[in-house]
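A.B. asks:
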Amino acid sequence: MNNLRSKLFKTTACWLAIFASTVTLAQQDFQGVATYQSKTTIDLDKWGGEKMSPERKKMIMERMKSMFEKTFILTFNRTESTYKEEEKLGAPGSGGGFGGMMGSFTPGIQYKNVKDGEFLQDQEFFGKQFLIKDKLEKLEWKMTGETKQIGQYMCMKATAIKKVDEMDFSNMRRKNRDKEDKEEQDEKVKDSSETASNDAPKDMMDEIEIPEDIEVVVWYTMQIPVNQGPGEFWGLPGLILEASSGRTTVLCSKIVLNPGEKEEIKKPTKGKEVTKQEYTDIVKQKVEEMREMYGGRNRGQRRN
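Numbered according to mature numbering (1 follows the signal peptide of the UniProt record, and there is no 0), the sequence shown spans residues -26 to -1, 1 to 278.
1. Between residue 229 and the rest of its own chain, which residues show a CB-CB distance below 6 Å, the 5 nearest in sequence each way excluded?
2. To which residues of the same chain is residue 45 closer than 8 Å at the C-beta, ignoring the five residues directly before and after it?
3. Look up residue 207 in the DSSP assignment and say whether it is helix, strand or coil.
4. For residue 246, which residues of its own chain have a beta-carbon under 8 Å away from its beta-carbon, when the five flanking residues on both sides are left out?
5. Could one say the Cβ of residue 266 lies closer than 8 Å to chain D's Cβ atoms, at least one of them?
6. In whole angstroms, what separates the C-alpha of residue 111 from that of residue 242?
7. Runs of 3 residues minimum, wholly inside the region 102 to 129: which ones carry the beta strand (DSSP E) assignment?
8. Run the CB neighbour count on residue 123, radius 10 Å, all protein chains shown included, and call it buried at 16 or more, exposed below.
9. By the three-class DSSP mapping on this structure, what secondary structure does residue 265 have?
10. Taking the beta carbon of residue 249 as the centre, do at least 16 other beta carbons fall within 10 Å, making it buried, or is it exposed?
11. Note down the Cα distance separating residue 135 from residue 202, rounded to an integer number of angstroms.
12. Buried or exposed for residue 3, going by 16 or more other Cβ atoms inside 10 Å?
13. Touching or not, the region 80 to 87 and the region 212 to 230, by the rule of three or more beta carbon pairs under 8 Å?
14. Starting from the C-beta of residue 14, find all residues in its chain whose C-beta is less than 7 Å away, skip the five residues before and the five after it, and write them out in chain order.
15. Excluding the 5 residues preceding and the 5 following residue 97 in the sequence, name in chain order all residues of the same chain whose CB lies nearer than 8 Å to its CB.
16. Measure the C-alpha to C-alpha separation of residue 100 and residue 205 and round it to an integer number of angstroms.
17. Which residue or residues does DSSP assign as beta-bridge partners of residue 231?
18. For residue 49, report the span of its beta strand (DSSP E) as first-last.
19. Which residues does DSSP pair with residue 200 in a beta bridge?
20. Opposite residue 248 in the DSSP bridges: which residues?
21. Taking the beta carbon of residue 56 as the centre, do at least 16 other beta carbons fall within 10 Å, making it buried, or is it exposed?
22. What would DSSP say about residue 60, mapped onto helix, strand or coil?
23. List the residues that DSSP assigns as beta-bridge partners of residue 188.
24. If you follow the beta strand (DSSP E) that residue 86 is part of, which residue opens it and which one closes it?
25. Sorted by chain position, which residues of the same chain lie with C-beta nearer than 6 Å to residue 6's C-beta, five sequence neighbours on each side aside?
26. Only counting the same chain, and skipping five residues up and downstream in sequence, which positions put a Cβ closer than 8 Å to that of residue 188?
27. Just the C-alpha distance for residue 91 and residue 29, rounded to the nearest angstrom, thanks.
28. How is residue 90 classed by DSSP in three states: helix, strand or coil?
29. Within its chain, find whatever has a CB closer than 6 Å to the CB of residue 131; leave out the 5 residues flanking it on each side and keep chain order.
30. Exposed or buried, what is residue 235 when buried is set at 16 or more other beta-carbons lying within 10 Å of its beta-carbon?
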């Protein structure tokens, strides 16, 4: 009896909160600001880190933290939103080397208009400015019926299968060597001593792969009944507070509805206009050029 009363109380409270939120959204100039923490995990052992000391691993992970742990701000109203990384002062030396190069693959400001199905992204890539303009990708969401509490919000779970961008390095993984044919492996071992003096160092790009599609798991709340979410995620009857895909999880840590100082939601306008596919082709071409450049340099060093 007590359990039944507790469930009825929670259900009633949830619907009252949804009603109150709906009244709030009815305001003509409604706006919300949500802060998200994004974290991408990486297993160094799968990239040769099993031979490193714990101290070395810790040092590398600290250096990579700025790339794989970020804070984003989603500013939204009933139909539009912008999603951008929170500006921070970088640590001395953090902009150079591998981290500086990967900065060219970091998404710029993303704009979504769920009413018109419009997607825009301000993107800088190796010193060139692009404006990615395309239709919003629609995902076939499946409701699971599961619920959980995130802060003060009751959330519901939904899943979908999403096609992975060919150059989405956050989802890259090392190729599964366990599936290689045993005879081929034995042959490689046999020939390794004969060819080592002539072979160039392995190209890292030959060691990785990116899956064709990936499962996305999100938690959304109808207490904020807007069709919005972090990044490219949208299409549910409530704000998405948590999203997980591959090794990346994005979790909302703060929400402010109708802030005192409202920010105008502007469409990005600068840069050469390209579609998502056209931009992907540009990135692929640049990566291939870099492979050839560094591959040629390594072969030259090997000969010397």
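Even for Gly, the Cβ is constructed at its ideal location relative to N, Cα and C.
C.D. replies: Taking the structure as given:
1. 8
2. 9, 10, 11, 12, 59, 60 and 62
3. coil
4. 102, 103, 104 and 105
5. The structure shown contains no chain D, having only a single protein chain.
6. 18 Å
7. 102 to 109 and 116 to 124
8. exposed
9. helix
10. exposed
11. 18 Å
12. exposed
13. no
14. 42, 144, 221 and 222
15. 81, 82, 103, 104, 105, 106, 245 and 253
16. 22 Å
17. 6
18. 43 to 50
19. BP columns for residue 200 are empty, so no partner.
20. 106
21. buried
22. coil
23. 136
24. 84 to 87
25. 50 and 231
26. 135, 136, 138, 145, 219 and 220
27. 48 Å
28. coil
29. 118, 120 and 193
30. exposed
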